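Colleague: There's a structure below that I have some questions on.
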Amino acid sequence: MKINGIWHHSITVNSDESIRIIDQRQLPHQLVFVNLRTTEEIITAIHEMWLRGAPLIGAVAVWGLCFALQDNPDNNTTLETACQKLLATRPTAVNLAWALNRMKQKLLPLPISQRYQAALAEAKAICEEDIKINESIGKYGLKLIKEIYQQKQDTVNILTHCNAGWLATLDWGTALAPIYMAYDAGIPVHVWVDETRPRNQGAALTAWELAQHGVPFTLIVDNVGGHLMQHGMVDICLVGADRVTSQGDVCNKIGTYLKALAANDNNVPFYAAVPTPTIDWSIKDGITEIPIEQRNTEEVTHVFGLTDQGKLEKVCITVPQVQSANYGFDVTPAHLVTGLITEQGIFHKI
Ligand code: MRU
Numbered sequence: 000m001k002i003n004g005i006w007h008h009s010i011t012v013n014s015d016e017s018i019r020i021i022d023q024r025q026l027p028h029q030l031v032f033v034n035l036r037t038t039e040e041i042i043t044a045i046h047e048m049w050l051r052g053a054p055l056i057g058a059v060a061v062w063g064l065c066f067a068l069q070d071n072p073d074n075n076t077t078l079e080t081a082c083q084k085l086l087a088t089r090p091t092a093v094n095l096a097w098a099l100n101r102m103k104q105k106l107l108p109l110p111i112s113q114r115y116q117a118a119l120a121e122a123k124a125i126c127e128e129d130i131k132i133n134e135s136i137g138k139y140g141l142k143l144i145k146e147i148y149q150q151k152q153d154t155v156n157i158l159t160h161c162n163a164g165w166l167a168t169l170d171w172g173t174a175l176a177p178i179y180m181a182y183d184a185g186i187p188v189h190v191w192v193d194e195t196r197p198r199n200q201g202a203a204l205t206a207w208e209l210a211q212h213g214v215p216f217t218l219i220v221d222n223v224g225g226h227l228m229q230h231g232m233v234d235i236c237l238v239g240a241d242r243v244t245s246q247g248d249v250c251n252k253i254g255t256y257l258k259a260l261a262a263n264d265n266n267v268p269f270y271a272a273v274p275t276p277t278i279d280w281s282i283k284d285g286i287t288e289i290p291i292e293q294r295n296t297e298e299v300t301h302v303f304g305l306t307d308q309g310k311l312e313k314v315c316i317t318v319p320q321v322q323s324a325n326y327g328f329d330v331t332p333a334h335l336v337t338g339l340i341t342e343q344g345i346f347h348k349i
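Sequential numbering from 0 applies to the sequence shown in numbering that gives the first Met the number 0.
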């Protein structure tokens, strides 16, 4: 990914084997990099959403295990305790459990003296694989956009929700990967970017990423999608996923389900871009079986942004002591999903 014309990765491994990430809480107003060196720092960074996005959460969490083993490699409980703490940071995205389990399977059979080096190698492998997965998702998704363009011979309008771009992964992104590839291939694309309340990942992150790449987009508030679809202004919806069940239910950022309903009612294809580590084969019914994160309600009652005077401020937008609720994700049942774009190909609804 390019920021101000310079290539960056969402995670950089420093020469002392600490990692550097972008503090996404400051975007799009400030580009701030932070170094993470301890398991506790990783736990805070994931829980407080300095970084977010299902694949990135998993890929960063494994470094928390590396740091734990670096500090105290002599004991089996080090690994187990660090895993438990990391797993508790965010409940919905299954990539976290997937990545931690993969590390445990690799490390537990090894002699203690080899575990730290093996952990580093596995953490680096997970990061490198994520880039390849997203590139492959991009190539498959590109075919869908190309087909629409060949039929329409005019700009392809894509609606996306939240941020499933390179800020949410190691590189490329999932739902945004096909869009970047289409743009780079010269296909005229335009993206409707849902602001994605309460944390505004669309307005703050997707808008920033697309602007950095030069992809044309329009920011909209979350309730606009249905109207656009009724008026033929959306050719395809492309979203990411935090967990997909064995029957194809898609859990993603809150509000995704309403977009899928509107898409279904207006015959707009609705695709989720899904790396295979995001599939939870152990569960079937997403609505009853996926734990939905509920976050601090201050995210609902307050907004954070830049004043016209150039100051970053948090302001309250409602009455004092209001009762509010903050559900982070929802589940789109499989029958509303046209297809899943994975790194192994596109799987359509039967
Ligand atoms: O709460 P967030 O910002 O971690 O939620 C992120 C999303 O819902 C993304 O759409 C999803 O993780 C896919 S990212 C490739």
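Cβ coordinates follow ideal geometry from the N, Cα and C atoms, glycine included.
None of these values were measured; they are calculated from a predicted model.
For the structure I just gave you, are there three or more beta carbon pairs, one from the region 23-41 and one from the region 199-218, closer than 8 Å?
Modeller: Verdict: yes, contact present.
Colleague: Terminal residues of the continuous alpha helix (DSSP H) containing tyrosine 179?
Modeller: Reading the sequence shown from its first residue, position 180 is the one you call residue 179. First-last of the alpha helix (DSSP H) with tyrosine 179: 176-183.
Colleague: If you run the structure through DSSP and keep just helix, strand and coil, what is threonine 91?
Modeller: Locating residue 91 in the sequence shown gives position 92, counting from the first residue. Correct three-state label for threonine 91: coil.
Colleague: Terminal residues of the continuous beta strand (DSSP E) containing arginine 242?
Modeller: Within the sequence shown, the letter at position 243 stands for residue 242. Where arginine 242 is concerned, the enclosing beta strand (DSSP E) stretches over 242-244.
Colleague: Among Ile157, Ala92, Lys313, which one has its Cα closest to the Cα of alanine 174?
Modeller: As a position in the sequence shown, residue 174 is number 175, starting the count at 1. Closest option to alanine 174, Cα to Cα, is Ile157.
Colleague: For a test of your reading of the model: does the CB of lysine 258 fall under 7 Å from any non-hydrogen atom of the ligand MRU? Yes or no.
Modeller: Within the sequence shown, residue 258 is the residue found at index 259, counting from 1. It does not: the Cβ of lysine 258 is nowhere closer than 7 Å to a heavy atom of the ligand MRU.
Colleague: If you check the beta carbons only, do asparagine 222 and threonine 168 fall under 8 Å apart?
Modeller: Here the question's residue 222 lines up with position 223 in the sequence shown. Here the question's residue 168 lines up with position 169 in the sequence shown. Not in contact: asparagine 222 and threonine 168 (Cβ atoms no closer than 8 Å).
Colleague: Look at the alpha carbon of histidine 301 and the alpha carbon of proline 197, and state the distance between them as a whole number of angstroms.
Modeller: As a first step, residue 301 must be located in the sequence shown, where it is residue number 302. As a first step, residue 197 must be located in the sequence shown, where it is residue number 198. Their Cα atoms are separated by approximately 9 Å.
Colleague: Between glutamine 200 and the ligand MRU, is there a pair consisting of the residue's CB and a ligand heavy atom that are separated by less than 7 Å?
Modeller: Numbered from its first residue, the sequence shown carries residue 200 at position 201. Glutamine 200 Cβ: within cutoff of the ligand MRU.
Colleague: Within the same chain, show all residues whose beta-carbon is closer than 7 Å to that of isoleucine 253, passing over the 5 residues directly before and after it, in chain order.
Modeller: Residue 253 sits at position 254 when you count from the first residue of the sequence shown. These residues qualify, in order along the chain: Tyr326, Gly327, Phe328, Asp329.
Colleague: Mind checking glutamate 194: buried by the 16 CB within 10 Å criterion, or exposed?
Modeller: The residue you call residue 194 lines up with position 195 of the sequence shown. That one is buried.
Colleague: Mind checking whether threonine 38 and alanine 81 have CB atoms under 8 Å apart?
Modeller: Working through the sequence shown from its first residue, we reach residue 38 at position 39. Working through the sequence shown from its first residue, we reach residue 81 at position 82. Result yes, Cβ atoms of threonine 38 and alanine 81 sit closer than 8 Å.
Colleague: Considering Cα atoms alone, identify which of Ala240, Glu208, Pro290, Gly231 is closest to aspartate 264.
Modeller: Here residue 264 refers to the residue found at position 265 of the sequence shown. Out of Ala240, Glu208, Pro290, Gly231, Gly231 has the C-alpha closest to the C-alpha of aspartate 264.
Colleague: What are the boundary residues of the beta strand (DSSP E) that includes arginine 19?
Modeller: In the sequence shown, counting from the first residue as 1, residue 19 sits at position 20. Note, arginine 19: beta strand (DSSP E), 18-21.
Colleague: Rounded to whole angstroms, what is the Cα-Cα separation between tryptophan 280 and glutamine 246?
Modeller: Reading the sequence shown from its first residue, position 281 is the one you call residue 280. Reading the sequence shown from its first residue, position 247 is the one you call residue 246. Going by the C-alpha atoms only, they are around 9 Å apart.
Colleague: Determine the extent of the alpha helix (DSSP H) in which asparagine 133 is found, giving its start and end residues.
Modeller: Here residue 133 refers to the residue found at position 134 when the sequence shown is read from its first residue. That run of the alpha helix (DSSP H) goes 111-151.
Colleague: Using CA atoms only, rank isn't needed, just tell me which of Met180, Ile130, Val61 is closest to glutamine 116.
Modeller: Taking the first residue of the sequence shown as position 1, residue 116 is located at position 117. Checking every option, the nearest Cα to that of glutamine 116 belongs to Val61.
Colleague: At a threshold of 7 Å, does proline 54 count as lining the ligand MRU (C-beta to nearest heavy atom)?
Modeller: As a first step, residue 54 must be located in the sequence shown, where it is residue number 55. Checking every heavy atom of the ligand MRU against the Cβ of proline 54, one is found closer than 7 Å.
Colleague: At which residue ranges does the region 261-314 contain complete alpha helix (DSSP H) runs of 4 or more residues, listed in the order of the chain?
Modeller: You should have 285-288, 297-300.
Colleague: Taking only the alpha-carbon atoms, compute the straight-line gap between glycine 137 and alanine 124 and give it to the nearest angstrom.
Modeller: Here residue 137 corresponds to residue number 138 of the sequence shown, with the count starting at 1. Here residue 124 corresponds to residue number 125 of the sequence shown, with the count starting at 1. Answer to the nearest angstrom: the Cα atoms are 20 Å apart.
Colleague: Helix, strand or coil for isoleucine 349 per DSSP?
Modeller: On the sequence shown, residue 349 is found 350 positions in, with the first residue counted as 1. Coil.
Colleague: Taking only the alpha-carbon atoms, compute the straight-line gap between glutamate 127 and valine 314 and give it to the nearest angstrom.
Modeller: Residue 127 sits at position 128 when you count from the first residue of the sequence shown. Residue 314 sits at position 315 when you count from the first residue of the sequence shown. Taking the straight line joining both Cα atoms gives about 40 Å.
Colleague: Check whether the Cβ of glycine 140 lies closer than 7 Å to any heavy atom of the ligand MRU, and answer yes or no.
Modeller: One-based indexing of the sequence shown puts residue 140 at position 141. No - the ligand MRU has no heavy atom lying nearer than 7 Å to the Cβ of glycine 140.
Colleague: Kindly examine the ligand MRU and report whether one of its heavy atoms sits closer than 7 Å to the Cβ of arginine 51.
Modeller: Counting from 1 along the sequence shown, the entry for residue 51 is found at position 52. Yes.
Colleague: If you draw a straight line from the alpha carbon of threonine 244 to that of tyrosine 256, how long is it in whole angstroms?
Modeller: Counted from its first residue, the sequence shown places residue 244 at position 245. Counted from its first residue, the sequence shown places residue 256 at position 257. So the alpha carbons of these two residues sit roughly 15 Å apart.
Colleague: Can you tell me where the beta strand (DSSP E) with threonine 341 in it begins and where it stops?
Modeller: Mapped onto the sequence shown, residue 341 falls at position 342. 338-341 is the span of the beta strand (DSSP E), which, as asked, contains threonine 341.
Colleague: From glycine 285 to isoleucine 291, what distance separates their C-alpha atoms?
Modeller: Your numbering for residue 285 matches position 286 in the sequence shown. Your numbering for residue 291 matches position 292 in the sequence shown. Distance between the alpha carbons of glycine 285 and isoleucine 291 is about 10 Å.
Colleague: Within 10 Å of its beta-carbon, does leucine 305 have 16 or more other beta-carbons around it, so buried, or fewer, so exposed?
Modeller: To locate residue 305, count along the sequence shown from 1; it is residue 306. By the neighbour-count rule (16 or more Cβ atoms within 10 Å), leucine 305 is not buried but exposed.
Colleague: Taking only the alpha-carbon atoms, compute the straight-line gap between serine 9 and valine 155 and give it to the nearest angstrom.
Modeller: Residue 9 sits at position 10 when you count from the first residue of the sequence shown. Residue 155 sits at position 156 when you count from the first residue of the sequence shown. Approximately 28 Å, taken between the alpha carbons.
Colleague: Quick one: complete beta strand (DSSP E) runs, 3+ long, within the region 32-83?
Modeller: Those beta strand (DSSP E) runs which fall completely within the region 32-83 and span 3+ residues are 32-35.
Colleague: Do glutamate 121 and tryptophan 165 have their C-beta atoms within less than 8 Å of each other?
Modeller: Here the question's residue 121 lines up with position 122 in the sequence shown. Here the question's residue 165 lines up with position 166 in the sequence shown. No.
Colleague: For asparagine 251, which beta-bridge partners are listed by DSSP?
Modeller: Taking the sequence shown and counting its residues from 1, one reaches residue 251 at position 252. Answer is Asp329.
Colleague: Classify glycine 213 as helix, strand or coil using the three-state DSSP reduction.
Modeller: On the sequence shown, position 214 is the one that residue 213 refers to. Three-state DSSP puts glycine 213 in coil, outside helix and strand.
Colleague: If you reduce the DSSP assignment to three classes, tell me which class glycine 164 lands in.
Modeller: Mapped onto the sequence shown, residue 164 falls at position 165. Here glycine 164 sits in strand by DSSP.
Colleague: What are the partner residues of tryptophan 191, as DSSP defines its beta bridges?
Modeller: Translated into the one-based positions of the sequence shown, residue 191 becomes position 192. Paired residue(s): Leu158, Thr217.
Colleague: Mind reading off the beta-carbon distance from valine 336 to alanine 271? Whole number of angstroms is fine, and I expect it under 8 Å.
Modeller: For the purposes of this step, residue 336 is taken as the residue at position 337 of the sequence shown. For the purposes of this step, residue 271 is taken as the residue at position 272 of the sequence shown. Going by Cβ atoms, the distance from valine 336 to alanine 271 rounds to 6 Å, so yes, they are a contact pair.
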